[in-house]
Amino acid sequence: QLSSQLFGAGSRDCTFDARSSDLDFAVACHEVRGVPLAENELLLLTAWDARRPAGQQAFAVGGGCHLKSQDVGAKLKVQVWATVHETWGRPGAEPASGRRACGQVCVDFGRLARECDGMVLYQTWLALELPGDASGDQPASFQERLREGALHSQRPRVCLTICKAADVGPQGSPLLAADAPPAARVGQWGALLRSQQQHAMMSSALHAQPAPTAGDQAPEE
Numbered sequence: 001q002l003s004s005q006l007f008g009a010g011s012r013d014c015t016f017d018a019r020s021s022d023l024d025f026a027v028a029c030h031e032v033r034g035v036p037l038a039e040n041e042l043l044l045l046t047a048w049d050a051r052r053p054a055g056q057q058a059f060a061v062g063g064g065c066h067l068k069s070q071d072v073g074a075k076l077k078v079q080v081w082a083t084v085h086e087t088w089g090r091p092g093a094e095p096a097s098g099r100r101a102c103g104q105v106c107v108d109f110g111r112l113a114r115e116c117d118g119m120v121l122y123q124t125w126l127a128l129e130l131p132g133d134a135s136g137d138q139p140a141s142f143q144e145r146l147r148e149g150a151l152h153s154q155r156p157r158v159c160l161t162i163c164k165a166a167d168v169g170p171q172g173s174p175l176l177a178a179d180a181p182p183a184a185r186v187g188q189w190g191a192l193l194r195s196q197q198q199h200a201m202m203s204s205a206l207h208a209q210p211a212p213t214a215g216d217q218a219p220e221e
């Protein structure tokens, strides 16, 4: 009822229907936290359907990519890398030895459609599965990483948006404008609400942490 009052009645055109044909999806990375970097290293990401490893696409933090012809069986993988090569990932400029794996997330599109009220994540934090961590294929892994992304501020994590490519605006951002059509606003309501709830959890967890004692403070120079 609240969503109807705020956004009006309409269809869920912005969500993913498992019965629909293949769709093009956009993946955007807003921020990465908790990943230690050596001098001169920077972060880059790759995204691909685990069923099609040859289709990896590279992009920078603050950017994104489009994955074409995805269906409900897709298993999206997003890998975070540290590299000293600013051009890594561009055609003809990918040094195999110039990158270091920092962690990844795996998003099962089928589970996302069932558990998140449609195939949409908006500015959502997910804890990274670190190299050597074998828990990524466990049934509860995705929900656990959602919780860990909110509650464990020091854990390596990534903030992602996943949506239909058609919902991305000309500036590369998801279409979440106040003057969006009612059907679009209804379809995006769930993703917006989840993002807001997760950020509220993050704020509560941060304020619940004990304040540093005098012994924990760095000495004055």
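Take the sequence shown: its position 23, counting from 1, is numbered 23 in UniProt numbering, and each next residue is one higher. Every residue gets a Cβ at the ideal spot worked out from N, C-alpha and C, and that includes glycine.
Exercise for the section: May I ask which residues mark the beginning and end of the beta strand (DSSP E) holding residue 60? Expected result: Here residue 60 refers to the residue found at position 60 when the sequence shown is read from its first residue. Run containing residue 60: 57–60, per the beta strand (DSSP E) assignment.
Handout entry: Local conformation of residue 74 per DSSP, three classes
Key = For the purposes of this step, residue 74 is taken as residue 74 along the sequence shown, with counting starting at 1. In this structure, residue 74 counts as coil in the three-state DSSP scheme.
Handout entry: Nearest-angstrom Cβ-Cβ length linking residue 191 and residue 122, presumed shorter than 8 Å
Key = Counting from 1 along the sequence shown, the entry for residue 191 is found at position 191. Counting from 1 along the sequence shown, the entry for residue 122 is found at position 122. Indeed, because the Cβ distance is near 4 Å, the residues count as touching under 8 Å.
Exercise for the section: State buried or exposed for residue 139, treating a residue as buried only when at least 16 other CB atoms are found within 10 Å of its CB. Expected result: Sequence index remark: in the sequence shown, residue 139 carries index 139 (1-based). A caution first: residue 139 carries a pLDDT of 47, below 50, which makes its placement in the model too unreliable to give a value.
Practice task
Buried or exposed for residue 103, please, with buried defined as at least 16 other CB atoms from any protein chain shown within 10 angstroms of its CB.
Solution key: Looking up residue 103 in the sequence shown gives position 103. Counting Cβ neighbours within 10 Å, residue 103 comes out buried, since at least 16 surround it.
Exercise for the section: Confirm, please, whether the CB-CB distance from residue 81 to residue 130 is below 9 Å. Expected result: On the sequence shown, position 130 is the one that residue 130 refers to. On the sequence shown, position 81 is the one that residue 81 refers to. Cβ atoms of residue 130 and residue 81: not closer than 9 Å.
Problem - Under the three-state DSSP convention, the category residue 204 falls into - result: As a working mapping, residue 204 is identified with position 204 in the sequence shown. Three-state result, residue 204: helix.
Exercise for the section: Identify whether residue 120 lies in helix, strand or coil by the three-state DSSP scheme. Expected result: As a first step, residue 120 must be located in the sequence shown, where it is residue number 120. Under the three-state reduction of DSSP, residue 120 is assigned to coil, being neither helix nor strand.
Handout entry: Beta bridge counterpart(s) of residue 101 as assigned by DSSP
Key = The residue you call residue 101 lines up with position 101 of the sequence shown. For residue 101, the beta-bridge partners assigned by DSSP are 81.
Exercise for the section: In angstroms with no decimal places, state the Cα-to-Cα distance between residue 145 and residue 155. Expected result: Position 145 of the sequence shown, counted from the start, is the residue given in the question as residue 145. Position 155 of the sequence shown, counted from the start, is the residue given in the question as residue 155. Their Cα atoms are separated by approximately 10 Å.
Handout entry: When 37, 143, 142, 65 are compared against residue 163, the one with the closest alpha-carbon
Key = As a first step, residue 163 must be located in the sequence shown, where it is residue number 163. Taking residue 163 as reference, the option from 37, 143, 142, 65 with the minimal CA-CA separation is 65.
Practice task
Buried or exposed for residue 22, please, with buried defined as at least 16 other CB atoms from any protein chain shown within 10 angstroms of its CB.
Solution key: The residue you call residue 22 lines up with position 22 of the sequence shown. The Cβ neighbour count for residue 22, taken over all protein chains shown within 10 Å, is under 16; the residue is labelled exposed.
Exercise for the section: Verify whether the separation of the beta carbon atoms of residue 124 and residue 33 is less than 9 Å. Expected result: Counted from its first residue, the sequence shown places residue 124 at position 124. Counted from its first residue, the sequence shown places residue 33 at position 33. No, they are not a contact pair.
Practice task
Give the DSSP-derived three-state secondary structure of residue 147 in the structure shown.
Solution key: Start at 1 with the first residue of the sequence shown, and residue 147 comes out as number 147. Helix.
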